[in-house]
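Asker: Sharing a structure, written as structure tokens. Questions coming.
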Amino acid sequence: MDRPIKTLQDKNSYLDLHRQERVTLLEVLDRALDKGVVISGDIVISVADVDLIYLGLKVLLSSVETMERLRGAPMAGAQEEPT
Amino acid sequence: MDTKVTEKELIYLYCVTKKTPKLKEAEDLVDSLYFIYHRGLFAVVSKVKFAEFGEENLKRNLANLEWIKHKASIHEKIIEGVMKNTCVIPFKFATLFNTEDNLKTMLGQHLEEFKDILKKLEDKEEWGVKIYSDLEKLKEVIIQEDEEILNIDKEINSSSTGKAYLLKKKKEELLNIATNKKLNEYGEVSFDRLKEKSTEDRINKLLPKEVTERNDEMILNSAFLIDKDKVEDFLKIVEGLRTKYTDKGLFFDCTGPWPPYNFCGFLKEKIHNG
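Protein chains in written order, with the working numbering: chain R, -1 to 81; chain L, 5 to 278.
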């Protein structure tokens, strides 16, 4: 199979490298910080710390309201489990 | 290699493999990337400074977005480098041990689980699909297609001001209901189509706009574990869904292959016959 290791299947994002970089970063953070095998190593990052990281993604985030949204309130009009 | 751990260093675990990992590609990313062998498993690790990753300072660093971006990218690149040659179990960002012995103890405790997971992951790739919806665009489509709404429109045109006002309210309400219904339907249909080619799937929590920095709403955040020889088919399905739903204001963000972050859990996996 001949394809690049990381394919962003969105033609538009090729036009905007900065955007692509940001998207990739979002994907990486969404995975590396939130998923993967969680073992209690000798030093533990708590869930609250991870929330802080998501907050940090957008520097302007400082409101309590946003904190609450990040804590898992579903989006308007969106469905969490379409099954 | 000197594997003696001094007091001022910690062992950072990136991933575990069954075959000897090749570290050439990734070794420039950090100081002293190496592996630890223990009872049939290889742990890819590097030494990190206690001053940077010790509890107190780690907490402080986690508040620093630039630091996280940099370190998370390294974490990802190292694992991607290793997975070019062999199947990996990726660990969560900043999985840290005080000593190699502690790491080996952990490996020993989960030996069978790790081996089972690696067996399951063999010849498979993780792909991610995030679907976003441009709600305004979707509403425009619905306004032109939904019979009930079209009927109300007609009624509005032939009604008195007062009645028209109430009908407009009702139209608004119907539009919101129809939009939600369509979103659910599109999300469901897409997810069902996508998982046809996967051996396992995950639905993850939706990320808010503040995080995605997009103008449209995320309506599905999903991940799929796919046999390598079915990936081409999977991508064709994504293309098909794109064609089908672009007019409805949906945007499909498909990325991969990723380290199988979503499919290395210990607990009983939800396996469906794909």
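Yeah, the Cβ is synthetic: ideal placement off N, Cα and C, and Gly gets one too.
(1) Around the Cβ of H74/L, are there at least 16 other Cβ atoms within 10 angstroms (buried) or fewer (exposed)?
(2) Taking the CB atoms as reference points, tell me whether G34/R and Y265/L lie closer together than 7 Å.
(3) Nearest-angstrom Cα distance between R218/L and G132/L?
(4) For chain R, find out if any of its Cβ atoms is closer than 7 Å to the Cβ of L122/L; answer yes or no.
(5) CA-CA distance, E140/L and E152/L?
(6) Pick out the complete beta strand (DSSP E) segments inside the region 34 to 105 of chain L, 3 residues or longer, and give them in chain order.
(7) What residues of chain R sit near S77/L, judged by a beta carbon separation below 8 Å?
(8) For G112/L, which three-state DSSP category applies?
(9) Could you check the C-alpha separation between I121/L and Y18/L for me, to the nearest Å?
(10) Counting only beta-carbon atoms, is N219/L nearer than 7 Å to chain R?
(11) Confirm, please, whether the CB-CB distance from L224/L to G260/L is below 7 Å.
(12) Using a Cβ-Cβ distance cut-off of 7 Å, determine whether K33/R contacts chain L.
(13) Taking all protein chains shown into account, decide if K173/L is buried (16 or more other Cβ within 10 angstroms of its Cβ) or exposed.
(14) Classify Y169/L as buried or exposed, calling it buried when 16 or more other Cβ atoms lie within 10 Å of its own Cβ.
(15) Could you give the C-beta distance for A182/L and I156/L, rounded to a whole number, given that I count them as a contact under 8 Å?
(16) Could you pull the start and end residues of the alpha helix (DSSP H) that N225/L belongs to?
(17) Does any C-beta atom of chain R lie closer than 7 Å to the C-beta of Y41/L?
Answerer: Put simply:
(1) Along the second sequence, read from residue 1 onward, the residue named residue 74/L stands at position 70. By the neighbour-count rule (16 or more Cβ atoms within 10 Å), H74/L is not buried but exposed.
(2) Here residue 34/R refers to the residue found at position 36 of the first sequence. Here residue 265/L refers to the residue found at position 261 of the second sequence. With contacts defined by Cβ atoms closer than 7 Å, G34/R and Y265/L form a contacting pair.
(3) Position 214 of the second sequence holds residue 218/L. Position 128 of the second sequence holds residue 132/L. Taking the straight line from one Cα to the other gives about 17 Å.
(4) For the purposes of this step, residue 122/L is identified with residue 118 of the second sequence, where counting begins at 1. No, no contact with chain R.
(5) Locating residue 140/L in the second sequence gives position 136, where the first residue counts as 1. Locating residue 152/L in the second sequence gives position 148, where the first residue counts as 1. Near 19 Å, if we compare the C-alpha coordinates of E152/L and E140/L.
(6) 37 to 42, 45 to 53 and 92 to 101
(7) Reading the second sequence from its first residue, position 73 is the one you call residue 77/L. Within 8 Å of the CB of S77/L, the CB atoms of chain R belong to L23 and V26, in sequence order along the chain.
(8) What you label residue 112/L is simply residue 108 of the second sequence in a count that begins at 1. Here G112/L sits in helix by DSSP.
(9) Here residue 121/L corresponds to residue number 117 of the second sequence, with the count starting at 1. Here residue 18/L corresponds to residue number 14 of the second sequence, with the count starting at 1. Taking the straight line joining both Cα atoms gives about 16 Å.
(10) By one-based count along the second sequence, residue 219/L stands at place 215. Not closer than 7 Å to any Cβ of chain R, the Cβ of N219/L fails to qualify, so no.
(11) As a working mapping, residue 260/L is identified with position 256 in the second sequence. As a working mapping, residue 224/L is identified with position 220 in the second sequence. In this structure, the beta-carbon distance from G260/L to L224/L does not fall below 7 Å.
(12) Working through the first sequence from its first residue, we reach residue 33/R at position 35. Yes, K33/R counts as interfacial toward chain L.
(13) Residue 173/L sits at position 169 when you count from the first residue of the second sequence. Looking at its Cβ environment, which holds fewer than 16 other Cβ atoms inside 10 Å, K173/L is exposed.
(14) Indexing the second sequence from 1 puts residue 169/L at position 165. The residue is exposed, with fewer than 16 neighbouring Cβ atoms inside 10 Å.
(15) Counted from its first residue, the second sequence places residue 182/L at position 178. Counted from its first residue, the second sequence places residue 156/L at position 152. Actually they are not in contact, since the Cβ atoms of A182/L and I156/L sit about 11 Å apart, beyond 8 Å.
(16) Along the second sequence, one-based indexing puts residue 225/L at 221. Here N225/L belongs to no alpha helix (DSSP H); instead the beta strand (DSSP E) covers E221 to D231.
(17) Start at 1 with the first residue of the second sequence, and residue 41/L comes out as number 37. Output row for Y41/L: interface = no.
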